[in-house]
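There are 2 protein chains.
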Amino acid sequence: MDALECTKILKALGEDTRIQIFEMLRNGKLCACKMIEKFDITQPTFSHHMKILCDCGIVVSEKDWKWTYYSINCDKLNELLTYLGHTKCNSNLTCECKKNNCD
Amino acid sequence: MDALECTKILKALGEDTRIQIFEMLRNGKLCACKMIEKFDITQPTFSHHMKILCDCGIVVSEKDWKWTYYSINCDKLNELLTYLGHTKCNSNLTCECKKNNCD
DNA sequence: CTCTCATATTTACAATTATCTATATTATAC
DNA sequence: GTATAATATAGATAATTGTAAATATGAGAG
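Heads up: the protein sequence lines correspond to chains A and B, in order.
Numbering of the first sequence is given in the working numbering, commencing with residue 2 and proceeding in unit increments.
Numbering of the second sequence is given in the working numbering, commencing with residue 2 and proceeding in unit increments.
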């Protein structure tokens, strides 16, 4: 992953509604109709946010019957974590470098 | 780390100039005057970006003589990685969950 | 004290983005 | 075919944010 792709994902996640959507999806797949109930926004606004999350690759969508299901693209998420974590820590700042687990 | 703090950091990093600043700082501490040479922006704009990066906690600054040095706050970075990585991957998306190393 | 250097702040403006209403699409049910 | 349901797109507007010019601050040097 390069800086350009990374920025696109960070831009997508760096917004109040969209980070909440991300949090909701962390426990698994959800359909749009269930998710939108939790937010005080209109359906087109929700759809707009989902498009941004999908366009950057961090979320994937799949159609089933007449519903659209969304889930986190864990491969892409791990690419992002690897990119961000690839940081040399200087002397006066200790780096813990913890393992990131999906429990 | 909660969603609010996370969003603030993601907002800070999700901008073209600031992700480049982040990349520059990954190899260690740098002073403002050296960094600004690499960018085609004015000094006030650079200062504005550094303020956003410092306010969210992902970058720390220290004054030495008349120069200001910036470096990545690795503790905060690891908090962010832990937060983002705390994701349950569903059945049809395999989770690699690689260890993030600072080499 | 004044001068210079490095950086920060203020103000204003331009570009981007989040949001809405209205409409379109796509699929199913009748 | 029409009607309904779930989601997407288009267009308009309001809010946010990136940028630069001008100015301020703070710390040596003389």
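Backbone N, C-alpha and C fix where the C-beta goes; we use that ideal spot for every residue, glycine too.
CB contact check: LYS12(B) to chain A, cutoff 8 Å: yes
Please report the distance separating the alpha-carbon of GLN21(B) from that of ILE37(A). GLN21(B) and ILE37(A): Cα-Cα distance of roughly 35 Å.
If you count every other CB in all the chains shown that lies within 10 Å of the CB of GLU80(B), and 16 or more means buried, which is it? buried
With DSSP run on the structure shown, which of helix, strand or coil describes MET65(A)? The question names Met, but residue 65(A) is Asp in the sequence shown. DSSP, read as helix, strand or coil, puts ASP65(A) in strand.
Let me know if THR8(B) comes out buried or exposed under the rule of 16 or more other beta-carbons within 10 Å of its beta-carbon. By the neighbour-count criterion, in which 16 or more other beta carbons inside 10 Å mark a residue as buried, THR8(B) falls on the buried side.
Which ranges does the alpha helix (DSSP H) cover as unbroken runs of at least 4 residues, wholly within the region 30 to 61 of chain A, from first to last along the chain? 33 to 37 and 44 to 56
Using C-beta distances below 8 Å, list every residue in its chain close to THR83(A), excluding the 5 sequence neighbours before and after it, in chain order. Counting only Cβ-Cβ distances below 8 Å, and skipping sequence neighbours, we find MET2.
Give me the residue from ARG27(B), MET25(B), LEU26(B) and GLN44(B) with the minimum Cα distance to CYS34(B). Ranked by Cα distance from CYS34(B), the options ARG27(B), MET25(B), LEU26(B) and GLN44(B) are led by GLN44(B).
Neighbour list for GLY58(B) in chain A, Cβ cutoff strictly below 9 Å: Contact annotation for GLY58(B) against chain A: no contact, minimum CB-CB distance about 12 Å [criterion: below 9 Å].
Taking only beta-carbon positions, decide if LEU107(B) is within less than 8 Å of chain A. Outside the shown range of chain B (2 to 104) lies residue 107(B), about which nothing can therefore be said.
Kindly indicate which residue of TRP66(B), CYS57(B), THR88(B) and ASP65(B) has the alpha-carbon position closest to the one of ILE73(B). CYS57(B)
Contact set between ASP17(A) and chain B, taken where Cβ atoms lie within less than 7 Å: Going along chain B in sequence order, the residues near ASP17(A) (Cβ under 7 Å) are THR8.
CA nearest to the CA of TRP66(B), picked from VAL60(B), LEU5(B), CYS75(B) and CYS32(B): CYS32(B)
Residues of chain B with CB closer than 8 Å to the CB of THR69(A), please, in chain order. The contacting residues do not exist; THR69(A) stays about 15 Å from chain B at best.
Under 8 Å, Cβ to Cβ, is there at least one residue of chain A near ILE20(B)? yes
Could you please give me the residues that DSSP links to ILE73(A) through a beta bridge? VAL60(A)
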